[in-house]
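S.K.: This is the structure I want to talk about, given as C-alpha cells.
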Amino acid sequence: VARLIDAPPRDIPLDAPTRRALPFAVAAREAVYGRHDVREACIPGANGLANARSMARFFALLAGGGALNGVRLLSEERVASFRVPRPDADKPDAIYGYPVRVGSGFWTGGNDENVNYGKLIGQNRNAIGHPGSGGSVGWADADAGIAVAICHNRMLYPPFEALYPIRAAVAQAFGAP
Numbered sequence: 341v342a343r344l345i346d347a348p349p350r351d352i353p354l355d356a357p358t359r360r361a362l363p364f365a366v367a368a369r370e371a372v373y374g375r376h377d378v379r380e381a382c383i384p385g386a387n388g389l390a391n392a393r394s395m396a397r398f399f400a401l402l403a404g405g406g407a408l409n410g411v412r413l414l415s416e417e418r419v420a421s422f423r424v425p426r427p428d429a430d431k432p433d434a435i436y437g438y439p440v441r442v443g444s445g446f447w448t449g450g451n452d453e454n455v456n457y458g459k460l461i462g463q464n465r466n467a468i469g470h471p472g473s474g475g476s477v478g479w480a481d482a483d484a485g486i487a488v489a490i491c492h493n494r495m496l497y498p499p500f501e502a503l504y505p506i507r508a509a510v511a512q513a514f515g516a517p
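Note that this note's numbering gives residue 466 to position 126 of the sequence shown, counting from 1, and the numbers run on in steps of one.
Set out below in C-alpha cells:
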C-alpha cells in the first residue's frame, strides 16, 4: 500500500462535528496511517486498506448479489438490505450537515437535489458504495452490472470533487445512470 500524501492544512473549528468525530490525532494522514501498527489494526469504519483491484472485486461481489465467480459468499437478502436507507436519511447527517442516504454500512445512489452522493455513487437508487479518506471510492450498480473502485494515496480536500467527472465517464462508458 502506497504512503499517503497529506492534504494541505486547513482550518477546521475545534467544535466542528467533523473535528469531534475524527480528531486530528487519528485523522487519515501519513503520520497516523503510515504506521505499521495502525495499518494492521482493526478499526471499524476507518481503515479499509486495499488496492483498487481488490476493492473492485469486493464491490463486484455486491453487484453480483452476494456471489462472485459462481461462489455465493453473502445471501441475496443480505446484499439487498444494504440498499435500504436508514429511516432518517432525508434529514441532515450530524457529521456531514446534509442528508446522506446510508443503508447498512453503504451509501446508496440517488438523484436528490443538493446532495453529493448521486454524483459519487450514481443516480440509481439500487447502487451502493462507500467513499474513503481523501476521495477514494468504490461502488456497485447491479442493474448496470458494474463494480468500480478508485483508490489513490493523495488526501484531497474537498475529497470528492475530482471524482465526479471520473465517475460520470465510467457510468457513461458502461451505460449506467
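Just so it is clear, CB atoms sit at the ideal spot from N, CA and C, and this is done for glycine as well. This structure is a prediction, so every number in the text was calculated from the model and none was measured.
1. With distances taken Cα to Cα, identify the nearest neighbour of F514 among Y497, R393, I352 and G462.
2. Using alpha carbons as the reference points, say which of P357, L389, P517 and P384 lies closest to H376.
3. Output the boundary residues of the beta strand (DSSP E) element that contains N481.
4. Sort N387, A434, R350 and I352 by Cα distance to A368 and report the nearest one.
5. For I506, report the span of its alpha helix (DSSP H) as first-last.
6. With DSSP as the reference, identify every bridge partner of T448, one or two as the case may be.
7. Please report the residue range of the alpha helix (DSSP H) in which V372 lies.
8. Taking the alpha-carbon of H470 as reference, which of N493, G450 and V442 has the nearest alpha-carbon?
9. With a threshold of 8 Å on Cβ separation, who are the neighbours of G406 within its own chain once the five nearest residues in sequence on each side are excluded?
10. Got a sec? Which residues, its chain only, sit under 7 Å from R568 by beta carbon, not counting five neighbours each side?
11. Can you have a look at Y504 and say buried or exposed, based on whether 16 or more other CB atoms are within 10 angstroms of its CB?
12. Per DSSP, what kind of secondary structure is E357 in: helix, strand or coil?
13. For C491, is the classification buried or exposed, using 16 other Cβ atoms within 10 angstroms of its Cβ as the cut-off for buried?
14. Express the C-alpha separation of P353 and N391 in angstroms, rounding to a whole number.
15. At the level of alpha carbons, what is the spacing between K459 and E501?
16. Tell me, please, whether the CB atom of G515 is closer than 8 Å to any CB atom in chain D?
17. Tell me the DSSP secondary structure of L460 in three-state form.
18. So V378 is in the alpha helix (DSSP H); what residue range does that whole segment cover?
M.R.: The structure says:
1. Start at 1 with the first residue of the sequence shown, and residue 514 comes out as number 174. When the alpha-carbon of F514 is set against those of Y497, R393, I352 and G462, the nearest one is in G462.
2. One-based indexing of the sequence shown puts residue 376 at position 36. Considering only alpha carbons, the answer is L389.
3. The residue labelled residue 481 in the question sits at position 141 within the sequence shown. According to the sequence provided, residue 481 is Asp. The question's Asn does not apply to it. First-last of the beta strand (DSSP E) with D481: V477 to D481.
4. As a working note, residue 368 is residue 28 in the sequence shown. Selection N387, A434, R350 and I352 evaluated against A368 yields N387 as nearest (Cα-Cα).
5. Here the question's residue 506 lines up with position 166 in the sequence shown. If you look at I506, you'll find it in the alpha helix (DSSP H) that goes L503 to F514.
6. In the sequence shown, residue 448 corresponds to position 108, counting from 1. I468.
7. As a working mapping, residue 372 is identified with position 32 in the sequence shown. Unbroken alpha helix (DSSP H) run through V372: E370 to Y373.
8. Residue mapping note: residue 470 aligns to position 130 of the sequence shown, counting from 1. The shortest Cα separation from H470 among N493, G450 and V442 belongs to V442.
9. To locate residue 406, count along the sequence shown from 1; it is residue 66. Shown here for G406: same chain residues with a beta carbon closer than 8 Å to its own, the five before and five after excluded, namely R412, L413, L414, S415, E416, R418 and V419 in chain order.
10. For residue 568 there is no data in the structure shown, the boundaries of the chain being 341 and 517.
11. Residue 504 sits at position 164 when you count from the first residue of the sequence shown. Exposed, because fewer than 16 other Cβ atoms sit within 10 Å of the Cβ of Y504.
12. Sequence index remark: in the sequence shown, residue 357 carries index 17 (1-based). The sequence given here has Pro at residue 357, not Glu. DSSP places P357 in the helix class (H, G or I) of the three-state scheme.
13. Counted from its first residue, the sequence shown places residue 491 at position 151. Answer is buried; the Cβ neighbour count reaches 16.
14. Here residue 391 corresponds to residue number 51 of the sequence shown, with the count starting at 1. Here residue 353 corresponds to residue number 13 of the sequence shown, with the count starting at 1. Our two residues, N391 and P353, have alpha carbons roughly 33 Å apart in a direct line.
15. Against the sequence shown, residue 459 aligns to sequence position 119. Against the sequence shown, residue 501 aligns to sequence position 161. Whole-angstrom Cα-Cα distance: 9 Å.
16. The chain inventory of the structure shown lacks chain D, comprising one protein chain alone.
17. Position 120 of the sequence shown, counted from the first residue, corresponds to residue 460. Helix, per DSSP.
18. Mapped onto the sequence shown, residue 378 falls at position 38. First-last of the alpha helix (DSSP H) with V378: H376 to E380.
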